[in-house]
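**Student:**
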Amino acid sequence: MILELAQVQIHGRSGGGSCVQNDGFCPDWITSNLDRYVDPFLQQVFLVVVSVAVGFLIAGALALLAHRRRWLVGPIIGVTGVLYTIPSLAAFFLLQPITGRGKLTATIALVGYTLLIIFRNVTTGLRGVPEEAKDAGRGLGFTDNQLLWRVEVPLALPEIMAGLRIASTTTVGLATLAFFAGAGGLGERFVGSQIVFKSNVVVAGGLCVLLAIALDLVILGAQRVLTPWTRARSA
Amino acid sequence: MTAATPAATLEFRRATKRYSGQSRPAVEELSLTVPAGEICVLVGPSGCGKTTAMRMVNRMTDITEGDIRLDGASVRERSPAELRREIGYVIQQIGLFPHLTIGENVATVPRLLGWDKDRIRGRVDQLLALVSLDPADIRDRYPAQLSGGQRQRVGVARALAADPPLMLMDEPFGAIDPINRERLQNEFLRLQAEIRKTVVFVTHDIDEAIKMGDKIAIMKEGGKLAQYAPPAELLMHPGDPFVEDFVGADRALKRLALQRVRDIDLWTAPLVRTGEPVAEVRAKLEEADVQIPLLVDAEGRPVGWLSERGLAGERVREELRSRPDPRIEMDDVLRDALADLIQAETRYAPVVDARGRAAGILSIEVIGHALNVPQEEVPAS
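So the sequences go chain by chain: A and B.
Under the numbering used here, think of the first position of the first sequence as -8, with each following residue one higher.
Under the numbering used here, think of the first position of the second sequence as 125, with each following residue one higher.
What follows is the structure in structure tokens.
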């Protein structure tokens, strides 16, 4: 959706050059201009990784807080839900008077979008822990804290990791707009430079997709390492 | 198995559990003592408070009034987590941790107690072997890779890990199919004969209660104790109509599973040997309950029932009318012995001791008589 939005704007302003002039798809231009994408790409990676990590810490802490205080779940979902529905562009501009232009503003906004997703998944994961495993754990002498960290959190991991995957993929998309907050990123390549044409969209868009896939694979890999039991089936 | 920790005596003292908002208590003034090393079965219909009563012992449910004492010390004065590490806990759903291997599951309590790695590893293997599982094969598998029966055994091994003086078992075999349940029950009884723990065993199945219990506490609606007695006494003298109804109309038959042949008065057999004067045999038969002489060999082992022709001369000759089958053993329960008699279409059969020597005659009349013995004569099961 965001890519489409960017594309519409690109069509509005084509740049110079022969193939380039025709707003075409130009492999030659791409190979000679790849270096232009390195910095925006790294900025994009930074934005996504930091935002998801911070979002995970905050949402995770909120979920643990609400785990033993069920009444907190409703209000937290309400607040993070409101954050989630604020249009991202609006959020970037709304924050600017307070935090100025730059990475901080972009990160704060992006973190806001991860909270609902991660909170919901951590909460669902913790709730899905089999009652009998918790009962046995208590009966064997785990304290509440030991039960949480040694039984409940590990068993909620598949759900937690699923939340991280959705959050990171979503954030890759949203972070293309972080350019409006002055935080750079691949979005700059879509809308910010003079070179706005199909080749650019293909490269910048392609990098976004690759980044999303790469992050997804990283989290998936971590999940496989952390949850070997989920692959253990009846022998 | 090193029985390091001796079993504990467990005492309920008017233990009561009330849930707020409910007029009737879940458990009302439960008082009973489980002697060290015995299995006490809490049995009753659903909603009778048997599980609540059990869970009060390790404070999974807190006591409202009264007290529960372990070797004289109140459980109310202990921190719940520490108390629970000293009490084995097995539940129907078993509750193995799906994310931990079997070895790690069994090691749960030793880890909480901070044992060192080598000691834990040794203990895990010892316990898995104790519950008839192959440690090398099963130690590194996950619960999802085990059958229901195997998981149940692991649950018992995990509960025994720190050698607790008391075990709480809430319908431990309830989710197992009948054939495997019987096997697991027998295995547990064999294990218990070895480890001699104090056990509180909850079930809704009276047959399981009779089989497993040294004593049975029958509970009824409202968390009241209806009767607390050894199985045989419960079957012979139900304390009230509720207990009578609960143990079932076939309670006389159930008693057959409790008494062993060695526990009852057998008929004396008219034992004869080849070459014995026939006149003496005739005298023996006058006093015997069975009118057919049982021929035995030099060691006293039954050879067969003697025919009339064997008594035709001056001395007994080996002329058999039939083989001495079935041979009943002293350790057989009456139910199995009766089944043998019926199977062989006979009214009586010789009973042999551990060395195979004839020790008496078991007959259907003897069994019938045993079922009618007044309470005082009921042997301890």
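For glycine and all other residues, C-beta sits at the position ideal for the given N, C-alpha and C.
#1: Among the residues of its own chain, which have a CB less than 8 Å from the CB of Thr161 (chain A), if the five just before and after it don't count?
#2: Residues of chain A with a CB under 8 Å from the CB of Pro222 (chain B): which are they?
#3: Spatial neighbours of Glu442 (chain B) within its chain, please: CB distance less than 6 Å, with the 5 preceding and 5 following residues excluded, ordered by chain position.
#4: List the DSSP bridge partners of Ile215 (chain B).
#5: Determine, using beta carbons only, whether Trp20 (chain A) and Ser190 (chain A) come nearer to each other than 9 Å.
#6: Cβ atoms of Leu220 (chain B) and Ala153 (chain A): under 9 Å apart, would you say?
#7: May I ask you to verify whether the stretch 173 to 191 of chain B touches the stretch 139 to 158 of chain B, counting CB pairs closer than 8 Å and requiring at least 3?
#8: Grab me the residues of Ser431 (chain B)'s own chain with a C-beta within less than 7 Å of its C-beta, minus the 5 sequence neighbours each way, in chain order.
#9: Can you confirm whether Gln214 (chain A), when its beta carbon is compared against all beta carbons of chain B, has any partner nearer than 9 Å?
#10: According to DSSP, what are the bridge partners of Pro219 (chain A)?
#11: DSSP three-state label for Tyr352 (chain B), please.
#12: Tell me which residues share the same chain as Ala333 (chain B) and place their Cβ nearer than 6 Å to its Cβ, disregarding the 5 neighbours each side in the sequence.
#13: Please classify Gln185 (chain A): does DSSP put it in a helix, a strand, or coil?
#14: The stretch 148 to 180 of chain A: which residues have C-beta closer than 7 Å to a C-beta of chain B, in chain order?
#15: Looking at chain B, is there any beta carbon in it that lies within less than 9 Å of the beta carbon of Thr134 (chain A)?
#16: If I follow the unbroken beta strand (DSSP E) through Trp429 (chain B), where does it start and stop?
#17: Just to confirm the assignment, what range does the alpha helix (DSSP H) spanning Arg314 (chain B) have?
#18: Please specify which runs of the beta strand (DSSP E), each continuous and at least 3 residues long, are wholly inside the stretch 319 to 389 of chain B, giving them in chain order.
#19: Leaving out five residues on either side along the sequence, give the residues of the same chain with a beta carbon under 8 Å from the beta carbon of Ala412 (chain B).
#20: Counting contacts by CB-CB distance shorter than 9 Å, is Val200 (chain A) in contact with chain B?
#21: Does Glu206 (chain B) have its Cβ less than 9 Å from a Cβ in chain A?
#22: Give me the Cα-Cα distance between Pro448 (chain B) and Gln383 (chain B), rounded to the nearest whole angstrom.
#23: Does Lys241 (chain B) pass the burial test, meaning 16 or more other C-beta atoms within 10 Å, or should it be called exposed?
#24: For Ile491 (chain B) and Leu462 (chain B), what's the separation of their Cα atoms in angstroms?
#25: Is it buried or exposed for Gly197 (chain A), if we count other Cβ within 10 angstroms and need 16 for buried?
#26: Could you give the distance in angstroms between the alpha-carbon of Glu469 (chain B) and the alpha-carbon of Arg379 (chain B)?
#27: What residues in its chain sit with their C-beta under 6 Å from that of Val163 (chain A), if we drop five residues either side in the sequence?
#28: Over the uninterrupted beta strand (DSSP E) stretch that includes Ile163 (chain B), give me the two end residues.
#29: At the 9 Å Cβ level, is Tyr213 (chain B) part of the contact set with chain A, yes or no?
#30: Would you decide whether His58 (chain A) is buried or exposed? Buried here means 16 or more other CB atoms lie within 10 Å of its CB.
#31: I'd like the span of the beta strand (DSSP E) that includes Phe136 (chain B), first residue to last.
#32: Measuring alpha carbon to alpha carbon, tell me which of A:Val45, A:Leu138, A:Ile49, A:Ile68 ends up nearest Leu95 (chain A).
#33: Taking a cut of 7 Å between CB atoms, which residues from the stretch 294 to 319 of chain B lie near chain A?
#34: So the alpha helix (DSSP H) Ser248 (chain A) belongs to, where does it begin and stop?
#35: Out of A:Val102, A:Phe37, A:Pro145, A:Gln137, which one is the CA nearest neighbour of Leu117 (chain A)?
#36: Taking 8 Å as the cut-off, does the stretch 417 to 428 of chain B touch the stretch 473 to 482 of chain B (at least 3 CB pairs, one atom from each stretch)?
**Tutor:** With the structure as the only source:
#1: Once the five neighbours on either side are set aside, the close Cβ partners of Thr161 (chain A) are Tyr104, Thr105, Ile108.
#2: Pro121, Ala124, Leu146, Trp220
#3: Thr398
#4: When beta bridges are read from the DSSP output, Ile215 (chain B) appears opposite B:Asp294.
#5: yes
#6: No, they are not a contact pair.
#7: yes
#8: Excluding residues within five positions, the ones whose Cβ falls inside 7 Å are Glu443, Leu444, Arg445.
#9: It does not: the Cβ of Gln214 (chain A) has no partner Cβ on chain B nearer than 9 Å.
#10: According to DSSP, Pro219 (chain A) bridges with nothing at all.
#11: strand
#12: Excluding positions up to five away in sequence, the list reads Val165, Val167, Thr327, Ile340.
#13: Unreliable placement is indicated for Gln185 (chain A), whose pLDDT of 49 sits below 50; the coordinate value is still reported in the next sentence. Residue state, collapsed to three classes: coil.
#14: Per Cβ criterion, the list is empty.
#15: Judged by the 9 Å Cβ criterion, Thr134 (chain A) is in contact with chain B.
#16: 426 to 430
#17: 302 to 319
#18: 322 to 327, 339 to 344, 348 to 353
#19: Excluding sequence neighbours, Ala412 (chain B) sits near Trp391, Thr392, Ala393, Pro394.
#20: Not closer than 9 Å to any Cβ of chain B, the Cβ of Val200 (chain A) fails to qualify, so no.
#21: yes
#22: 23 Å
#23: The residue is exposed, with fewer than 16 neighbouring Cβ atoms inside 10 Å.
#24: 8 Å
#25: exposed
#26: 22 Å
#27: Val39, Cys199, Leu202, Ala203
#28: Residue range 163 to 167 is occupied by the beta strand (DSSP E) that includes Ile163 (chain B).
#29: Chain A places a beta carbon closer than 9 Å to that of Tyr213 (chain B), counting this residue as a contact.
#30: buried
#31: DSSP places Phe136 (chain B) inside the beta strand (DSSP E), whose first and last residues are 134 to 141.
#32: A:Val45
#33: none
#34: No statement about residue 248 (chain A) is possible, as the shown extent of chain A runs from -8 to 226 and does not include it.
#35: Taking only the C-alpha atoms, the option nearest Leu117 (chain A) is A:Pro145.
#36: yes
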